[in-house]
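S.K.: If you count the sequence shown from 1, you need to add 151 to reach the working numbering. Ideal Cβ placement from N, Cα and C applies to all residues, glycine included.
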Amino acid sequence: MKATGIIVEYNPFHNGHLLHLQEARKQTQADVVIAVMSGSFLQRGEPALLPKWERTQMAVDAGVDLVVELPFHFATQQAAIFANGAVEILGALGVQSIFFGSENGDANAFSSAAKILTEQDVPFKAAMRRFLDDKKNSYATAWNAAIHELAPDLTLDLAQPNNILGFHYARAIAEQGKAIEIATMARQNAAYHDENPTHHSIASATAIRTMLLDNDWKKVRQYVPDTTLRLLQKFRKTHSFVSWDDFWPLLKYQLVTAPISQLQSTRGVSEGIENRLQQAALHATNFDEFLAATRTKRYSNARIKRTALQILAQQPETTTTQNYVRLLGISTTGQRYLGQIKKGIALPIISTASKANPTLIENDIRATKLYSFASTLENQILRDFHTSPYRKNP
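This is the structure in structure tokens:
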């Protein structure tokens, strides 16, 4: 059976994701689509709107054959680490290709950019340091400028969020020596951060989250599949959607009371950012105020959120983790494929957390406990520990 991999967050699953899923199967001619999905917290340093189990069901009900979790260590870090973790999992699961959405839409451009950096790593790092010395440049701006200095004819804007991720998928494949092809489609109608939909059926996840938090179900209905809508409505009857506001008191407490030396030893804390975060926390009354007081051209919203999340989760810089395959959801086709490849999977496989090596999943259990502090999710700890993969029958 031919498998293609997709790397997702589904926060929540919407019509644009459905189109991406359909194109992945069509363009790669895959029998099986495998999704590596972030768990309780996401790559841009945000809590997921609703738990991974609901998001898994959305994916499998929409046609994904196998959903596996990207561990917290990889899921909540910069693009290179995020991509490396996801590609390692997909490689272990035997995919022949990885399919992703991008602003560019040309797979060859990503392969070319990855080849340039692989061959010119030293001059690239020197150019990066030079551009970062200009305090006006964000990391993404410096990164884009450095690669275009080395390859002025490169037709790939690496300041765009999905292009950045696509590039890192291509580079991770090359660095890991995986025999995996890449394929991409241009994003349709809605850009990654668009807050105001311009298409009748496709909106960004950012816009849809705003609609959900505003309780505007009439608008939401227009942009998500029926299966997603039903799950969202069912969840909302008994729970609130999760946001940074749920964790602000905990973050403020940690920032205000922690010694600077402790903050400095946290993953992602560098360049004196800990002082800026601590001072902002002293005066901010909510997370939005804190974010506004800390972001600059150099420190983007995503950088601030990721750093804040690492502090909140008390992640030391020295933390390392072994990757693994945690099954969250599976279709009948996915079950058949997994049966064919299971003996050859090099990474540990986990179907139920309660039966896993506690050391292996310790960090993700910690993340789930943190996520459970959201006001109406008290049952998430036990749920996450004992729930078996969601299965969709034909």
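Can you tell which of 523, 181, 369, 384 has the C-alpha that lies nearest to the C-alpha of residue 191?
M.R.: Taking the sequence shown and counting its residues from 1, one reaches residue 191 at position 40. Out of 523, 181, 369, 384, 523 has the C-alpha closest to the C-alpha of residue 191.
S.K.: Hey, residue 178 and residue 230: beta-carbon distance below 9 Å or not?
M.R.: Position 27 of the sequence shown, counting from 1, holds the residue named residue 178. Position 79 of the sequence shown, counting from 1, holds the residue named residue 230. No. Outside cutoff.
S.K.: How long is the line joining the alpha carbons of residue 327 and residue 290, rounded to whole angstroms?
M.R.: In the sequence shown, the residue the question calls residue 327 occupies position 176. In the sequence shown, the residue the question calls residue 290 occupies position 139. Spanning the two alpha carbons is a distance of roughly 24 Å.
S.K.: Distance check for residue 317 and residue 147, CA to CA, integer angstroms please.
M.R.: What is shown of the chain runs 152 to 545, which leaves residue 147 out entirely.
S.K.: Return the chain-ordered list of same chain residues with a C-beta closer than 8 Å to the C-beta of residue 456, the five sequence neighbours on each side being excluded.
M.R.: Working through the sequence shown from its first residue, we reach residue 456 at position 305. 195, 196, 197, 395, 442, listed in sequence order.
S.K.: Suppose contacts are defined by Cβ-Cβ distances below 9 Å. Is residue 260 in contact with residue 391 by that definition?
M.R.: Within the sequence shown, residue 260 is the residue found at index 109, counting from 1. Within the sequence shown, residue 391 is the residue found at index 240, counting from 1. Cβ atoms of residue 260 and residue 391: not closer than 9 Å.
S.K.: Measure the CB-CB distance between residue 521 and residue 393 and report whether it falls below 9 Å.
M.R.: The residue given as residue 521 occupies position 370 in the sequence shown. The residue given as residue 393 occupies position 242 in the sequence shown. No. Outside cutoff.
S.K.: Output needed for residue 161: all residues of its chain with C-beta closer than 7 Å, excluding positions within five of it in sequence on either side, in chain order.
M.R.: Against the sequence shown, residue 161 aligns to sequence position 10. Cβ within range, chain order: 168, 188, 206, 209, 210.
S.K.: Less than 9 Å between the C-beta atoms of residue 418 and residue 445, yes or no?
M.R.: One-based indexing of the sequence shown puts residue 418 at position 267. One-based indexing of the sequence shown puts residue 445 at position 294. Result no, Cβ atoms of residue 418 and residue 445 do not sit closer than 9 Å.
S.K.: Can you look up residue 218 in the DSSP assignment and give me helix, strand or coil?
M.R.: For the purposes of this step, residue 218 is taken as the residue at position 67 of the sequence shown. Strand at residue 218.
S.K.: Exposed or buried, which one is residue 358 when buried takes at least 16 other CB atoms within 10 Å?
M.R.: Stepping through the sequence shown from its first residue, residue 358 is reached at position 207. Per the 10 Å Cβ criterion, buried.
S.K.: Just list the residues that DSSP pairs residue 248 with in beta bridges.
M.R.: Counting from 1 along the sequence shown, the entry for residue 248 is found at position 97. Note: residue 248 sits in a beta bridge opposite 155, 332.
S.K.: Between 159, 171, 217, which has its C-alpha nearest residue 488's C-alpha?
M.R.: Sequence index remark: in the sequence shown, residue 488 carries index 337 (1-based). It is 217.
S.K.: List the whole-angstrom C-beta distance separating residue 452 from residue 236, where the pair is believed to meet the contact cut-off of C-beta under 8 Å.
M.R.: For the purposes of this step, residue 452 is identified with residue 301 of the sequence shown, where counting begins at 1. For the purposes of this step, residue 236 is identified with residue 85 of the sequence shown, where counting begins at 1. In fact, because the Cβ distance is near 22 Å, the residues do not count as touching under 8 Å.
S.K.: Entirely within the region 239-303 and at least 4 residues each: give me those alpha helix (DSSP H) ranges in chain order.
M.R.: The region 239-303 contains these whole alpha helix (DSSP H) runs: 258-270, 272-284, 290-301.
S.K.: Which same chain residues, not among the five before or five after residue 546, have their C-beta less than 6 Å away from its C-beta?
M.R.: Residue 546 lies beyond the stretch modelled for the chain, which goes from 152 to 545, so this question has no answer here.
S.K.: Return the residue from the list 270, 252, 368, 401 that minimises the CA-CA distance to residue 337.
M.R.: For the purposes of this step, residue 337 is taken as the residue at position 186 of the sequence shown. When only C-alpha atoms are compared, the closest one is 252.
S.K.: Just confirm the distance between the C-beta atoms of residue 166 and residue 375, as a whole number of angstroms; I'd bet it's less than 8 Å.
M.R.: Along the sequence shown, read from residue 1 onward, the residue named residue 166 stands at position 15. Along the sequence shown, read from residue 1 onward, the residue named residue 375 stands at position 224. Between residue 375 and residue 166 the Cβ distance is about 6 Å, and since that is below 8 Å, they are a contact.
S.K.: Hey, residue 263 and residue 332 are a contact pair by Cβ (cut 8 Å); roughly how many whole angstroms apart?
M.R.: Walking along the sequence shown from the start, residue 263 turns up at place 112. Walking along the sequence shown from the start, residue 332 turns up at place 181. Residue 263 to residue 332, Cβ: 14 Å. No contact.
S.K.: For the putative contact between residue 301 and residue 274, defined by C-beta atoms under 8 Å, what is the C-beta separation to the nearest angstrom?
M.R.: Numbered from 1 along the sequence shown, position 150 holds the residue referred to as residue 301. Numbered from 1 along the sequence shown, position 123 holds the residue referred to as residue 274. Rounded, the Cβ-Cβ distance is 6 Å, consistent with contact.
S.K.: Between 449, 401, 496, 505, which has its C-alpha nearest residue 292's C-alpha?
M.R.: Here residue 292 refers to the residue found at position 141 of the sequence shown. Residue 449 is the option with its Cα nearest to residue 292.
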